[in-house]
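Oh and the sequence shown: position 20 is 72 in my numbering, straight run, nothing missing.
All C-beta atoms, glycine included, are put in the ideal place defined by N, C-alpha and C.
The structure appears right after this line, and notes come after that.
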Amino acid sequence: MSKKYKKPSKDLQKIFSHAANRINQDQIVTFVRGNLNGFMGNAGVLFAMPDRLLHYGDKYAKYEIVEFDYNLIDHVKVKSGLTGYKLIFDYAGKEISVSTIDEGSIDEIFAYIQEKIAEQSNQNMNDVSFSSSNVPEQIRQFAELRDQGIITEEEFAKKKEQLLDIN
């Protein structure tokens with residue numbers, strides 16, 4: 053189940069057995085075990101799937117799935133603490149955290165989420181229309197993406213050259 057731990061905990065095995073009926077496990081790219089939104093939050097597993105993140109966890113003796121679409125994740129970061137790692141991401145303007153992460157690969161899930169965020173921002177860049185009537189506005193939009201760290205300075209310069217038809 054995990055590359056980091058040789059033998060998964062009983063809690064992790066229990067969650068995986070419950071999840072088997074509700075989640076296509078062939079789609080799981082990587083995972084971490086942790087509490088959704090705080091120490092006393094929804095204890096479970098955060099699964100990275102190709103199209104979304106899923107937190108499958110135990111909340112008041114009932115299992116529930118909370119989905120997070122990569123399109124709505126702005127950025128992600130990892131912190132280390134006394135009780136394990138904490139994965140934090142902005143989702144639709146709200147800060148979401150998965151804390152007390154002690155099983156699974158934090159490095160893999162962090163890298164995978166970053167990759168998905170980059171894919172989405174590249175897709176969003178390609179979706180911007182190139183009508184010549186609002187070129188200054190489009191340049192401002194790309195500058196905002198650059199300032200937010202969503203695209204690099206090089207990507208901004210390339211799009212600006214395309215918009216201004218500079219060779």
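{"Item": "Just tell me which of Glu160, Asp159, Gly145, Lys138 has its CA closest to the CA of Ser151.", "Value": "Lys138"}
{"Item": "In angstroms, rounded to a whole number, what distance separates the CA positions of Gln77 and Leu215?", "Value": "44 Å"}
{"Item": "Leaving out five residues on either side along the sequence, give the residues of the same chain with a beta carbon under 8 Å from the beta carbon of Arg198.", "Value": "Thr204, Glu205, Glu207, Phe208"}
{"Item": "Measure the alpha-carbon distance for Ser173 versus Lys210 and round it to whole angstroms.", "Value": "15 Å"}
{"Item": "From which residue to which residue does the alpha helix (DSSP H) around Val81 run?", "Value": "Here Val81 belongs to no alpha helix (DSSP H), and DSSP marks it neither H nor E."}
{"Item": "Do you know offhand how far Asp103's Cα is from Leu134's?", "Value": "32 Å"}
{"Item": "Looking at C-alpha atoms only, which residue of Phe99, Lys111, Tyr112, Gly136 is the closest neighbour of Phe120?", "Value": "Phe99"}
{"Item": "Apart from the five residues on each side of it in sequence, which residues of its chain come closer than 6 Å, Cβ to Cβ, to Asn87?", "Value": "Gly93, Ala95, Ser151, Thr152"}
{"Item": "Restricting to Cα atoms, I'd like to know which of Gln175, Ser157, Ile148 is closest to Ile80.", "Value": "Ser157"}
{"Item": "With DSSP collapsed to three states, give me the class of Asn73.", "Value": "coil"}
{"Item": "Take the Cβ of Ala71 as the centre, count every other Cβ of all protein chains shown within 10 Å, and call the residue buried at 16 or more, exposed below.", "Value": "buried"}
{"Item": "Whose CA, out of Ala113, Asp126, Ser149, Asp142, lies closest to the CA of His107?", "Value": "Ser149"}
{"Item": "Secondary structure at Tyr115, three-state DSSP: helix, strand or coil?", "Value": "strand"}
{"Item": "Quick check on Tyr122: buried or exposed, where buried means 16 or more other Cβ atoms within 10 Å of its Cβ?", "Value": "buried"}
{"Item": "Just list the beta strand (DSSP E) runs in the region 142-173, keeping only unbroken ones of 3 residues or longer that don't cross its boundaries, in chain order.", "Value": "146-156"}
{"Item": "If I follow the unbroken alpha helix (DSSP H) through Asp199, where does it start and stop?", "Value": "187-199"}
{"Item": "Between the Cα of Phe307 and the Cα atoms of Asp154, Glu189, Gln193, Val130, which residue gives the shortest distance?", "Value": "The question about residue 307 has no answer here: the residues shown for the chain are numbered 53 through 219."}
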